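Engineer:
Residue numbers (my numbering), protein chains in the order written: chain H, 1 to 97; chain Z, 98 to 409.
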């Protein structure tokens, strides 16, 4: 059983890392702010989500599981907020975006 | 030193180099903030979690916010400043100084005395008598309490210094909150949803500081971030600098610490001494008002001097 769980962890974390790699590529290669944000949020949602999912079997009891989920939810929430802010700034044509 | 550490060291060096190399102030600040977060990871790898928390909260977070505001303010003058090139001799001297400092640090780190000088054993030995589990808190509040007390007073001086930059007609007014223009839905949601979580986390960080990594500065930084979020969403405004409650809260931390330090004369026979058995209780008592003071100071330092005429 534990071998299976370790295997699941390795697969899920690798898949998450791949999402981050793809998101980073998009961030560098995509032409404008909105498409770059699109790539970045995919990396945040899916990449971090898969890594957290993969780490769940390794967590230290129920509290460990809840902490990991809280990290994922907070990162999701702040990521989504910041993305909206940057997109709004890009829409206004702010130089900083 | 394994692969992860080597990669981390390389990326930190590259972002640090990028911070210096890039010409646009805004990008330099972004690189600097990223570099600070990576350095926090380095501190975690070195098992200095207290330092990592401080670096992430102060070095990257609050300093990043202050520098972004500075970059925005400097933007009109940036092109002219970038067009200037310092004299060759000046640049040579700056480079020589940088290389000297880097070499001296490298010698210190790479060729340490054997065994390396350490007060680690002495710092950990009295922890049980003090009732503390975190040696960093023991250093900050017990062994070097005087330094910490002065550091808090310096925070107040820094706020006074920033406020004193206000033009005469604005004195008595309120610092401008870094509000984002317009009512932004997602930001409003974040400013209403995150502060309860942040406040609980800040209280936890302070409370746990006695026995595990954490403390007043880290908790205060989290509180400051929550306040700045509420300010940015336009849900609250910074009170005028003459506001009595604001000033009392600013003075509360250092005043409580000073009172406890002076009480040491009566109950333990020396300035800043704690009677046996009471050390932890007194330290926690000193840290509670300190958190509020630190949170206020950090947010006020980021907000800058008063920027509006006082209401009469």
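In this text, a Cβ means the ideal position worked out from N, Cα and C, and glycines have one as well.
The model shown is predicted, which means the values in this text are computed figures rather than measured ones.
Which residues in chain H have a C-beta closer than 8 Å to the C-beta of residue 157 of chain Z? List them in chain order.
Structural biologist: Position 60 of the second chain, counted from the first residue, corresponds to residue 157 of chain Z. The contacting residues do not exist; residue 157 of chain Z stays about 15 Å from chain H at best.
Engineer: Would you say residue 85 of chain H faces chain Z, with C-beta separation under 8 Å as the test?
Structural biologist: Taking the first residue of the first chain as position 1, residue 85 of chain H is located at position 85. It does: the Cβ of residue 85 of chain H has a partner Cβ on chain Z nearer than 8 Å.
Engineer: What are the boundary residues of the alpha helix (DSSP H) that residue 179 of chain Z is part of?
Structural biologist: Your numbering for residue 179 of chain Z matches position 82 in the second chain. Note, residue 179 of chain Z: alpha helix (DSSP H), 160-180.
Engineer: Residues of chain Z with CB under 7 Å from residue 88 of chain H, in chain order?
Structural biologist: Counted from its first residue, the first chain places residue 88 of chain H at position 88. Residues of chain Z passing the Cβ test: 281.
Engineer: With DSSP run on the structure shown, which of helix, strand or coil describes residue 351 of chain Z?
Structural biologist: The residue you call residue 351 of chain Z lines up with position 254 of the second chain. Helix at residue 351 of chain Z.
Engineer: Give a yes or no on whether the minimum CB-CB distance between residue 41 of chain H and chain Z is below 8 Å.
Structural biologist: In the first chain, residue 41 of chain H corresponds to position 41, counting from 1. Residue 41 of chain H does not count as touching chain Z.
Engineer: Give the secondary structure of residue 272 of chain Z by DSSP, where H, G and I count as helix, E and B as strand, and everything else as coil.
Structural biologist: Along the second chain, one-based indexing puts residue 272 of chain Z at 175. Strand.
Engineer: Only counting the same chain, and skipping five residues up and downstream in sequence, which positions put a Cβ closer than 8 Å to that of residue 314 of chain Z?
Structural biologist: On the second chain, position 217 is the one that residue 314 of chain Z refers to. So the qualifying residues of the chain are 151, 154, 155, 391.
Engineer: When you compare only the Cα positions, how much space is there between residue 386 of chain Z and residue 346 of chain Z?
Structural biologist: The count along the second chain starts at 1 and reaches residue 386 of chain Z at position 289. The count along the second chain starts at 1 and reaches residue 346 of chain Z at position 249. The alpha-carbon atoms of residue 386 of chain Z and residue 346 of chain Z are separated by roughly 8 Å.
Engineer: Can you tell me whether residue 248 of chain Z is buried or exposed? The criterion is at least 16 other CB atoms within 10 Å of its CB, across all chains shown.
Structural biologist: Taking the second chain and counting its residues from 1, the one referred to as residue 248 of chain Z is at position 151. Exposed is the call here.
Engineer: Where residue 368 of chain Z and residue 388 of chain Z are concerned, what is the direct C-alpha to C-alpha distance, given to the nearest angstrom?
Structural biologist: Indexing the second chain from 1 puts residue 368 of chain Z at position 271. Indexing the second chain from 1 puts residue 388 of chain Z at position 291. Roughly 22 Å separates the two Cα atoms.
Engineer: Check whether the stretch 243-258 of chain Z and the stretch 348-361 of chain Z are in contact - that is, three or more C-beta pairs closer than 8 Å.
Structural biologist: Touching, per the Cβ criterion.
Engineer: Report buried or exposed for residue 176 of chain Z, applying the criterion of at least 16 other Cβ atoms within 10 angstroms of its Cβ.
Structural biologist: Taking the second chain and counting its residues from 1, the one referred to as residue 176 of chain Z is at position 79. So residue 176 of chain Z counts as exposed.
Engineer: Below 9 Å on C-beta distance, what does residue 345 of chain Z contact in chain H?
Structural biologist: Numbered from its first residue, the second chain carries residue 345 of chain Z at position 248. Within 9 Å Cβ-Cβ: nothing; residue 345 of chain Z doesn't reach chain H, min ~33 Å.
Engineer: Would you mind reading off the limits of the alpha helix (DSSP H) that contains residue 301 of chain Z?
Structural biologist: On the second chain, position 204 is the one that residue 301 of chain Z refers to. Where residue 301 of chain Z is concerned, the enclosing alpha helix (DSSP H) stretches over 282-305.
Engineer: Between which residues of its own chain and residue 79 of chain H is the CB-CB distance below 6 Å, once the five residues before and five after are set aside?
Structural biologist: What you label residue 79 of chain H is simply residue 79 of the first chain in a count that begins at 1. Only 44 meet the Cβ criterion.
Engineer: Quick one: what does DSSP say residue 372 of chain Z is sitting in, helix, strand or coil?
Structural biologist: Along the second chain, read from residue 1 onward, the residue named residue 372 of chain Z stands at position 275. Note: residue 372 of chain Z maps to coil in three-state DSSP.
Engineer: Buried or exposed, going by whether 16 or more other CB atoms sit within 10 Å of the CB of residue 181 of chain Z?
Structural biologist: Translated into the one-based positions of the second chain, residue 181 of chain Z becomes position 84. Its Cβ having fewer than 16 others within 10 Å, residue 181 of chain Z is exposed.
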